[in-house]
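Residue numbers (numbering that gives the first Met the number 0): 0 to 170.
We put the CB at the ideal spot given by N, CA and C, even for glycine.
As structure tokens, the structure follows; a few thoughts come after it.
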Amino acid sequence: MQILAIVWQSYYNGLLKAAKNIKEFEIKLYSARKLDLEPEKFEKVLKEMKSADILFFYRSSESFWDEIERRVKRGEFNKNKIVCIGYDPSYFLLSNVSLDILEKTYKYIVINGEKNLTNLFLFLANKLGGLSVSYEEPKEVPWEGIYHPKANKIFTKIEDYLNWYKPKQAP
Numbered sequence: 000m001q002i003l004a005i006v007w008q009s010y011y012n013g014l015l016k017a018a019k020n021i022k023e024f025e026i027k028l029y030s031a032r033k034l035d036l037e038p039e040k041f042e043k044v045l046k047e048m049k050s051a052d053i054l055f056f057y058r059s060s061e062s063f064w065d066e067i068e069r070r071v072k073r074g075e076f077n078k079n080k081i082v083c084i085g086y087d088p089s090y091f092l093l094s095n096v097s098l099d100i101l102e103k104t105y106k107y108i109v110i111n112g113e114k115n116l117t118n119l120f121l122f123l124a125n126k127l128g129g130l131s132v133s134y135e136e137p138k139e140v141p142w143e144g145i146y147h148p149k150a151n152k153i154f155t156k157i158e159d160y161l162n163w164y165k166p167k168q169a170p
């Protein structure tokens, strides 16, 4: 089973790190910015897309997306499951999967974090690729909090941190 993903550069590094956590199936990941700058690479990726089981797109504003959209509408990728999300909800219309799949995929991406992005790939493989791999639901990642390198969590309340933190020497 193979997922081919083309994503906005802002999500590329996190998804690349998440993809390295997965051994059960193959993930080919491409930066939209890089494909826009290297047309010959884009042509190669178009050929690879035909053999992927799942096409995952986080659509952005690069010009090559128009070509992908034309090919999808012509039916070149009818055998692929297509999950297309982006900052504009109209991009979701390029997808050929249920709205439930799109909603959860978008939630994994927007909440972000390595665990959520890893679970995004596992979720797609389970629901669309037919693999019996387990995944976790998207989990909120704190936007702020208190970090301590010896703690196994982020503290969201000062009281919780002070109850946990016991200095070896205090004045």
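Quiz prompt | Residues sharing a beta bridge with residue 17, DSSP | solution = BP columns for residue 17 are empty, so no partner.
Quiz item: How is the alpha helix (DSSP H) around residue 93 delimited, first residue to last?
Solution: Here residue 93 belongs to no alpha helix (DSSP H), and DSSP marks it neither H nor E.
Self-check item: First and last residue of the uninterrupted alpha helix (DSSP H) at residue 51
Solution: Judged by DSSP secondary structure, residue 51 falls outside any alpha helix (DSSP H); it is assigned neither H nor E.
Practice problem: Would you please verify whether the beta carbon of residue 40 is less than 7 Å from any beta carbon of chain D? | Solution: Checking the listed chains, one finds no chain D in this structure; it contains a single protein chain.
Quiz item: What three-state label does DSSP hand residue 3 in the structure shown?
Solution: Residue 3 carries a strand assignment under DSSP once its states are collapsed to helix, strand and coil.
Practice problem: Alpha carbon to alpha carbon, how far is residue 148 from residue 154? Give it in angstroms, no decimals. | Solution: So the alpha carbons of these two residues sit roughly 12 Å apart.
Self-check item: Closest Cα partner of residue 58 within the set 33, 70, 159, 6
Solution: Ranking the options by Cα distance to residue 58, first place goes to 6.
Practice problem: Can you say whether residue 119 is buried or exposed, counting buried as having 16 or more other CB atoms within 10 angstroms of its CB? | Solution: Buried, because 16 or more other Cβ atoms sit within 10 Å of the Cβ of residue 119.
Quiz prompt | CB contact flag (residue 104, residue 84, <7 Å) | solution = The answer is yes: Cβ separation under 7 Å.
Quiz item: Once you ignore the five residues that flank residue 116 on each side, which residues in its own chain have a CB closer than 6 Å to its CB?
Solution: Hits under 6 Å: 13, 14, 17.
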